[in-house]
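Visitor:
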Amino acid sequence: MALYIYPDLTESLHRLWAAGLVISPWLAGIDGNARFDPEIHEFLHDRSRECAFIHWTEAERALAIGDLPAPERMAQIAVYETAASAAVNLAHQKTGELDVTEAMAFDALQRVENFINDHGFATLMQLYMLETCWENLNALRYFGEIPERDYVRGSWHRPWVDYSLGEEVLFAYSLGNIELEKRGEHRFVRLTDEGRRVLEKTTDALQRAGYFRYRLETLCVSQFNLFNNYDKTDRMVWPNAIDERRAFLEWVGIKAGMRVLELGCADGVLTFAAGLAERVGPSGAVVAVDPSTGMLARARGKQRRQEIDWVDFRQGKAEQLPVDEERFDIAVGVGYLHFTNRSEALQEMKRVVRPGGVIASLHPLKMDFTAPFFREWFAPILDLAAKREEKPRDYLLHPDEAPRDFKQAGLEQVEVFMSSSELVFPDAKNVVQHFIRGVGWFGEELAPLPWKAREDLIQELIERGQSVCARYSDNERRIAWPAQSIRARVPEEPSGKE
Amino acid sequence: MSNLEDSQIDLGDDCYLDLNGAVLMKDGKIRYLTPIAFRLFVYFALHVGETLTVEELIHRAWGKQGMVQRDELYVYIRKIRLALEDNPNAPKCLKTLRHLGYVLYPRLKETGGAIDQFESSGSGKSATEGVES
Ligand SMILES: C[S@@+](CC[C@H](N)C(=O)[O-])C[C@H]1O[C@@H](n2cnc3c(N)ncnc32)[C@H](O)[C@@H]1O
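Read top to bottom, the protein sequences are chains A and B. Residue numbers 19 to 516, in our numbering, belong to the letters of the first sequence in order. Residue numbers 770 to 902, in our numbering, belong to the letters of the second sequence in order.
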């Protein structure tokens, strides 16, 4: 039973991403409100219907679901959901906002159709079923049971859907993955033992394919897109933010006339407020890179106001730099390294920094969570980890990770400087906005939670924060957060092959 | 804003809902609506100029316990537009407000010239007949 779930879909999933497609993605700002205007819904709906009728043939059904009954509307929904998800994702990528234009909807649909032509409809169906199956079963495991009405409307676990999940209920039921229980006037959906097994296998398959990691990255960048007041909250929680960045630039040795590559520039806080552009001056040049379009828009706004024309902001990630021929004296960044795949990012930087040039980073390190105010405030997250008898998962680095990666990347003269930054927790709303909704601290803990559970937990953090702020003094709500500055040289003689 | 007399709700120029017949009267012609489309329409008509959210409209049309999704609402919005608007593809009365919901404005009849221009611009779907499913 449910055999179709187990063929290895890793390659197909990677092709899906390569085509610019996502299914039911985690994106910031997507909630129970309509994803787009009804006109766009109608367009996607009609075209998905046509697409499914053309492609969901007997042969494709045999490929995708073997001898199982074929839920009629599911094919059309799979096309619709993929196109709708891709459209929202495109909006995020292109504008840093959520508004889907007709052109984006069209583009998204085109990508889905191309994917189907290249890889077959059955492949799309399998991917759709794999991802949504995980999402459905994972939510059921988390909540124990979900009222049928909420399940069918997706309001606890897929609030962005604008269609009924009724057919998915039928399908999962026919596979024996879920059961319904009637109590009083209500019906509840629950996981069966078979459903639990399927969830485990689905989780494994997705884990192997790098799905959770990919989702987390997408979510992270989309959070930065919508993080409008980053520079404000950053200074609220990190009072010495600007001075410490300045000291770091000094330590790295950035001088007038240099060609500098800045990684993870966000809204340009290092570039402008901390004086990177000023140091380099008009005789030098800065190329500043960030994957978040929203952040780049804010950075460019600052640039216009300051009339600095030797900085060039570009969209891109450290692992895949939007740099072709140019070579830099220094590649530098603050608070971005922990978001990257470090070995890939370092290889890329090595490619574009001249021999003898410098690669440097300032980043926060893992901290312990012993401060009583902190334990109380963030208990819902600490408890998630405690249940697994682990420390809470976050993306912060251990002190030995970056130095090891720098050396493994073939960089020389690796130097490390350890410092301690003071973090303060001024008020509940800004702290939660900054750390949780903004920079995505503990994203690894929150991501596996179904949508409503995540939202409830964030709300709880705000409420706890208010109570903690009322009972602990300003002085008590401080933490010394270890930070690491690291710099190293690209070898003069390129060792080995390019 | 709405003007209740003799179980009619006024919707602007040459346009009203007839509550007894559960129909829309526009330019002297009857336009039929399905019961749910009509219920929704009445709710809009009683809140002219107010922003109504998708959730609210779903509750009104199908009740709080219904299992209906947004796509179903979109179908009915379309039905109302087909009955009400001179050009349903460029609605002037029942407007969408991005991320907020919908708002109904009273009908303002175009002058003769403008209407001619409108119709000759050819909008694809015809707006002439009432909708019934
Ligand atoms: C916490 S902000 C740090 C911004 C700024 N440099 C500062 O000094 O505060 C992290 C930034 O890294 C960016 N980022 C995320 N993933 C990245 C990647 N793979 N490569 C480069 N930057 C990335 C985010 O979009 C975000 O703007």
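All C-beta atoms in this analysis are idealised placements derived from N, C-alpha and C, irrespective of residue type, glycine included.
How many Å lie between leucine 39(A) and glycine 138(A) at the Cα?
Guide: Using only the alpha carbons, I get a separation of about 15 Å.
Visitor: Using a Cβ-Cβ cut-off of 8 Å, state whether histidine 175(A) counts as contacting chain B.
Guide: Answer no: the Cβ-Cβ gap between histidine 175(A) and chain B never drops below 8 Å.
Visitor: When the cut-off is 8 Å and only beta carbons count, does glutamate 185(A) lie next to chain B?
Guide: False, the Cβ-Cβ gap to chain B never drops below 8 Å.
Visitor: For aspartate 920(B) and leucine 877(B), what's the separation of their Cα atoms in angstroms?
Guide: With chain B represented from 770 up to 902, any question about residue 920(B) goes unanswered, as that position is not in the structure.
Visitor: To the nearest angstrom, how far is the alpha carbon of leucine 234(A) from that of isoleucine 476(A)?
Guide: The straight-line gap from Cα to Cα measures roughly 17 Å.
Visitor: 8 Å is my cut-off, CB to CB: does valine 900(B) come that close to chain A?
Guide: Reliability fails at valine 900(B), whose pLDDT of 41 lies under 50, so the model's placement of it is uncertain and no value is given.
Visitor: For my contact list, leucine 355(A) and histidine 381(A) are in at a C-beta cut-off of 8 Å; report their separation, rounded to the angstrom.
Guide: Right, the Cβ-Cβ distance comes to about 5 Å (below 8 Å), so this counts as a contact.
Visitor: I need the DSSP call for serine 889(B), collapsed to helix, strand or coil.
Guide: Legend: pLDDT at serine 889(B) = 42, less than 50; position of this residue unreliable, value from coordinates given subsequently. Correct three-state label for serine 889(B): helix.
Visitor: Alpha carbon to alpha carbon, what distance is there between glycine 162(A) and leucine 400(A)?
Guide: Their Cα atoms are separated by approximately 21 Å.
Visitor: DSSP three-state call for cysteine 784(B): helix, strand or coil?
Guide: Strand, per DSSP.
Visitor: The beta strand (DSSP E) with phenylalanine 346(A) in it runs from where to where?
Guide: Where phenylalanine 346(A) is concerned, the enclosing beta strand (DSSP E) stretches over 346-352.
Visitor: So glutamine 111(A) is in the beta strand (DSSP E); what residue range does that whole segment cover?
Guide: Premise fails: glutamine 111(A) lies in the alpha helix (DSSP H), 90-113, not in any beta strand (DSSP E).
Visitor: At a cut-off of 7 Å, is cysteine 862(B) close to ligand 1 when judged by its beta-carbon and the heavy atoms of the ligand?
Guide: Checking every heavy atom of ligand 1 against the Cβ of cysteine 862(B), none is found closer than 7 Å.
Visitor: Would you report the Cα separation of serine 782(B) and phenylalanine 242(A), rounded to the nearest angstrom?
Guide: Before going on, a small fix: residue 782(B) reads as aspartate here, not serine. Those two C-alpha atoms are separated by around 48 Å.
Visitor: Keeping to the same chain, check which residues put their C-beta closer than 7 Å to that of leucine 34(A); ignore five residues upstream and five downstream.
Guide: So the qualifying residues of the chain are Phe133, Leu145.
Visitor: Got a sec: does ligand 1 put a non-hydrogen atom nearer than 7 Å to the Cβ of tyrosine 160(A)?
Guide: Incorrect: tyrosine 160(A) has no Cβ contact closer than 7 Å to ligand 1.
Visitor: Quick one: what does DSSP say glutamate 819(B) is sitting in, helix, strand or coil?
Guide: Glutamate 819(B) falls in the coil class under three-state DSSP.
Visitor: Using a Cβ-Cβ cutoff of 8 Å, what residues of the segment 328-358 of chain A are near chain B? List them in chain order.
Guide: Here the close residues number zero.
Visitor: Across which residues does DSSP place phenylalanine 530(A) in a beta bridge pair?
Guide: Beyond the ends of chain A as shown, which are 19 and 516, falls residue 530(A); an answer cannot be given.
Visitor: If we ignore side chains and look at the alpha-carbon of each, how far apart do glutamate 218(A) and lysine 864(B) end up?
Guide: Going by the C-alpha atoms only, they are around 47 Å apart.
Visitor: What does a CB cutoff of less than 7 Å around proline 43(A) pick up in its chain, not counting 5 residues either side in sequence?
Guide: Answer for proline 43(A): Ser103, Asn107, Arg233, Thr236, listed in chain order.
Visitor: Excluding the five sequence neighbours on either side, which residues of its own chain have a C-beta within less than 7 Å of the C-beta of tryptophan 74(A), listed in chain order?
Guide: So the list reads Ala93, Phe139, once near-sequence residues are dropped.
Visitor: To the nearest angstrom, how far is the alpha carbon of glycine 114(A) from that of aspartate 285(A)?
Guide: Each residue's Cα considered, the two are about 12 Å apart.
Visitor: Which one or two residues does DSSP pair with valine 305(A) in a beta bridge?
Guide: Valine 305(A) is bridged to Leu279(A), Asp330(A).
Visitor: In the DSSP output, what is histidine 381(A) paired with across the bridge?
Guide: Note: histidine 381(A) sits in a beta bridge opposite Gln502(A).
Visitor: Enumerate in chain order the residues of its own chain whose CB-to-CB distance from glutamate 430(A) is below 8 Å, with the five nearest sequence positions on each side excluded.
Guide: The residues are Ala506, Arg507, Val508, Pro509.
Visitor: Among Pro857(B), Asn856(B), Arg850(B), which residue has its Cα nearest to the Cα of phenylalanine 813(B)?
Guide: When only C-alpha atoms are compared, the closest one is Arg850(B).
Visitor: Per DSSP, which one or two residues make a beta bridge with proline 165(A)?
Guide: Phe206(A).
Visitor: Relative to ligand 1, is the shortest distance from any of its heavy atoms to the C-beta of threonine 358(A) smaller than 7 Å?
Guide: Yes, the Cβ of threonine 358(A) comes within 7 Å of a heavy atom of ligand 1.
Visitor: Does the segment 207-222 of chain A come into contact with the segment 190-197 of chain A, if we say contact requires no fewer than three beta-carbon pairs (one atom in each stretch) closer than 8 Å?
Guide: Yes: at least three Cβ pairs fall under 8 Å.
Visitor: Quick one: what's glycine 299(A) bridged to in DSSP?
Guide: Bridge partners of glycine 299(A): none, in fact.
Visitor: Kindly identify the DSSP beta-bridge partner or partners of phenylalanine 435(A).
Guide: The partner list for phenylalanine 435(A) (beta bridge, DSSP) reads Ser503(A).
Visitor: Locate the beta strand (DSSP E) running through glutamine 241(A), then write down its first and last residues.
Guide: That residue, glutamine 241(A), is in no beta strand (DSSP E); its alpha helix (DSSP H) goes 229-244.
Visitor: Does the distance from the C-beta atom of isoleucine 504(A) to that of proline 421(A) stay below 8 Å?
Guide: Yes, these two residues count as a Cβ contact at 8 Å.
Visitor: Could you run through the segment 159-170 of chain A and flag, in chain order, every residue whose CB is less than 7 Å away from some CB of chain B?
Guide: For the segment 159-170 of chain A, which is checked against every Cβ of chain B, the residues closer than 7 Å are Arg167, Val170.
Visitor: For the beta strand (DSSP E) that aspartate 840(B) lies in, which residues bound it at each end?
Guide: No beta strand (DSSP E) holds aspartate 840(B); the alpha helix (DSSP H) holding it covers 839-853.
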